[in-house]
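K.L.:
Below: one structure in structure tokens.
Protein chains: 2
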Amino acid sequence: MKKSRNTAARTHIQELLQQSDFALSQTEIYGLSEEICDRVTTYRVLDRLLSDGVVHKTVGLDGVVKYAACRTCSHEEEGHNHLHRHDHVHFNCENCGQVTCLENVVPEIKLPRKYKIREANFTVAGVCPECS
Amino acid sequence: MKKSRNTAARTHIQELLQQSDFALSQTEIYGLSEEICDRVTTYRVLDRLLSDGVVHKTVGLDGVVKYAACRTCSHEEEGHNHLHRHDHVHFNCENCGQVTCLENVVPEIKLPRKYKIREANFTVAGVCPECS
DNA sequence: TGCTTAATGCAATTTTGTTGCAAATATAGA
DNA sequence: TCTATATTTGCAACAAAATTGCATTAAGCA
């Protein structure tokens, strides 16, 4: 895994995600980093953080992609590579709009043979404890 | 549930979805119906089909929303309303790009109390049987 | 410290989805 | 079958989200 460089934008965005209790969209991240870098750069930094395995992404029911720091994401060996799994559930609150990683809610699924899983996205929408 | 009208565009798009083995995006649907109606109309027809409970939608890992005919989606009574549930898994093939409904793969999840589920989207990406 | 290559900013473009309004048309009722 | 009316459609314009190319900047290794 070739390493990517440590830049101001990267550091800033990574900290933002690590300190957030919620998953953030590119738009939100850019809003919170207005002066640190260009909008295009946030896209590129996020791609870098993704492929470095530092963050993972999740897609809401509205199609909005959000990013969250990897905390307890399980790591599995597969050959020589680390396989990063983010199969915990993400909760989309329809009231406050927040997306939360439920790190310890991991659905069990049994796919028919011959399907090879590489990545998963489990999203559940409804009302979160704060809003109910 | 007020009924929506039966128009050429609606009939065409509904048949397209019912005859497809895969979920289709608005872009794909429009591509397959080039001359039947305007681009905006496909969006509106899809919304109508959704709220009529004839199709359901699923969001891929790339954020692309796709639509699929309801086949074995379970119906549950809740008060006087039918509750339409689409909690089966959708498989995203990373090779051919197709999204397939795995109607009989329904994950069991146990959310912490106080989270109220209203809708779910389970997507798994990898390689489908055709491509492996 | 200098060099190489990755990262950035900027401007332009593409893609995706939405809105308002006038014209067309599906359906219920006469 | 014809008519009234409310839904649906097309069009044009707009808004939002994401991508690309290229010249410039800067991170990090030797």
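Here the protein sequences come in this chain order: A and B. Every position in the first sequence, counted from 1, becomes a number in the working numbering once 1148 is added. Every position in the second sequence, counted from 1, becomes a number in the working numbering once 1148 is added. Cβ atoms here follow ideal geometry from the backbone N, Cα and C, with glycine treated the same way. Keep in mind that this is a model prediction, so the values were computed, not measured.
So A1157 (chain B) is in the alpha helix (DSSP H); what residue range does that whole segment cover?
P.N.:
Looking at the DSSP string, the run of the alpha helix (DSSP H) that includes A1157 (chain B) is 1156-1167.
K.L.:
Are there three or more Cβ pairs, one per stretch, closer than 8 angstroms when the stretch 1176-1188 of chain B is compared with the stretch 1262-1276 of chain A?
P.N.:
no
K.L.:
Could you tell me which uninterrupted alpha helix (DSSP H) segments, each at least 4 residues in length, are contained entirely in the stretch 1189-1266 of chain A, listed from first to last along the chain?
P.N.:
none
K.L.:
Can you have a look at G1208 (chain B) and say buried or exposed, based on whether 16 or more other CB atoms are within 10 angstroms of its CB?
P.N.:
buried
K.L.:
Roughly how many angstroms separate the alpha carbons of L1259 (chain A) and A1156 (chain A), rounded to a whole number?
P.N.:
43 angstroms
K.L.:
Going straight from the alpha carbon of H1234 (chain B) to that of F1170 (chain B), what length do you get?
P.N.:
15 angstroms
K.L.:
Would you call the CB atoms of V1247 (chain A) and A1216 (chain A) closer than 9 angstroms?
P.N.:
yes
K.L.:
Judging by CA-CA distance, which residue of A:Y1178, A:H1236, A:E1256, A:S1280 is the nearest neighbour of I1161 (chain A)?
P.N.:
The residue from A:Y1178, A:H1236, A:E1256, A:S1280 with its alpha-carbon nearest to that of I1161 (chain A) is A:Y1178.
K.L.:
How long is the line joining the alpha carbons of G1211 (chain A) and L1198 (chain B), rounded to whole angstroms?
P.N.:
Distance from the CA of G1211 (chain A) to the CA of L1198 (chain B), rounded to the nearest whole angstrom, comes to 16 angstroms.
K.L.:
For the putative contact between Y1191 (chain A) and P1277 (chain B), defined by C-beta atoms under 8 angstroms, what is the C-beta separation to the nearest angstrom?
P.N.:
Not quite, the Cβ-Cβ distance comes to about 34 angstroms (not below 8 angstroms), so this is no contact.
K.L.:
I'd like the span of the alpha helix (DSSP H) that includes E1182 (chain B), first residue to last.
P.N.:
Run containing E1182 (chain B): none; DSSP gives neither H nor E here.
K.L.:
Going by C-alpha to C-alpha distance, which of A:R1219, A:I1265, A:D1200 sits closest to N1243 (chain B)?
P.N.:
A:I1265
K.L.:
Should K1281 (chain B) be flagged as near chain A, meaning a C-beta pair shorter than 9 angstroms?
P.N.:
This structure gives no information on residue 1281 (chain B), because the portion of chain B shown stretches from 1149 to 1280.
K.L.:
Residues in its own chain within less than 8 angstroms of L1172 (chain A) by CB, not counting five upstream and five downstream?
P.N.:
L1164, L1165, L1180, K1214, Y1215, A1216
K.L.:
Within 9 angstroms (strictly less), CB to CB, does S1199 (chain B) reach chain A?
P.N.:
Chain A contact via Cβ: absent.
K.L.:
By Cβ distance below 8 angstroms, which residues in the same chain neighbour R1219 (chain B) in space, the five residues on each side in sequence not counted?
P.N.:
C1249, E1251
K.L.:
Using the C-alpha atoms, what's the distance from R1153 (chain A) back to E1226 (chain B)?
P.N.:
Per-residue confidence for E1226 (chain B) stands at a pLDDT of 48, beneath the threshold of 50, marking its modelled position as unreliable; the derived number appears in the next sentence. Spanning the two alpha carbons is a distance of roughly 54 angstroms.
K.L.:
In whole angstroms, give me the CA-to-CA distance for V1188 (chain A) and H1236 (chain A).
P.N.:
One C-alpha to the other measures close to 29 angstroms.
K.L.:
What are the residues in the stretch 1259-1277 of chain B lying within 8 angstroms of chain A by C-beta distance?
P.N.:
Near chain A, meaning a CB-to-CB distance below 8 angstroms, the residues of the stretch 1259-1277 of chain B are L1259, P1260, K1262, Y1263, K1264, I1265, R1266, E1267, A1268, N1269, F1270, T1271, V1272, A1273, G1274, V1275, C1276, P1277.
K.L.:
Can the beta-carbon of Q1174 (chain B) be found closer than 9 angstroms to that of L1194 (chain B)?
P.N.:
With a cutoff of 9 angstroms on beta-carbon distance, Q1174 (chain B) and L1194 (chain B) are scored as near each other.
K.L.:
Kindly identify the DSSP beta-bridge partner or partners of T1271 (chain B).
P.N.:
A:N1269, B:H1238
K.L.:
Could you tell me whether any Cβ in chain A is nearer than 9 angstroms to the Cβ of S1181 (chain B)?
P.N.:
no
K.L.:
Does the beta carbon of E1256 (chain B) sit closer than 9 angstroms to a beta carbon anywhere in chain A?
P.N.:
yes
K.L.:
Is E1256 (chain A) closer than 9 angstroms to E1256 (chain B) when the C-beta atoms are compared?
P.N.:
yes
K.L.:
Can you tell me the Cα-Cα spacing of T1159 (chain A) and D1200 (chain A), whole angstroms?
P.N.:
13 angstroms
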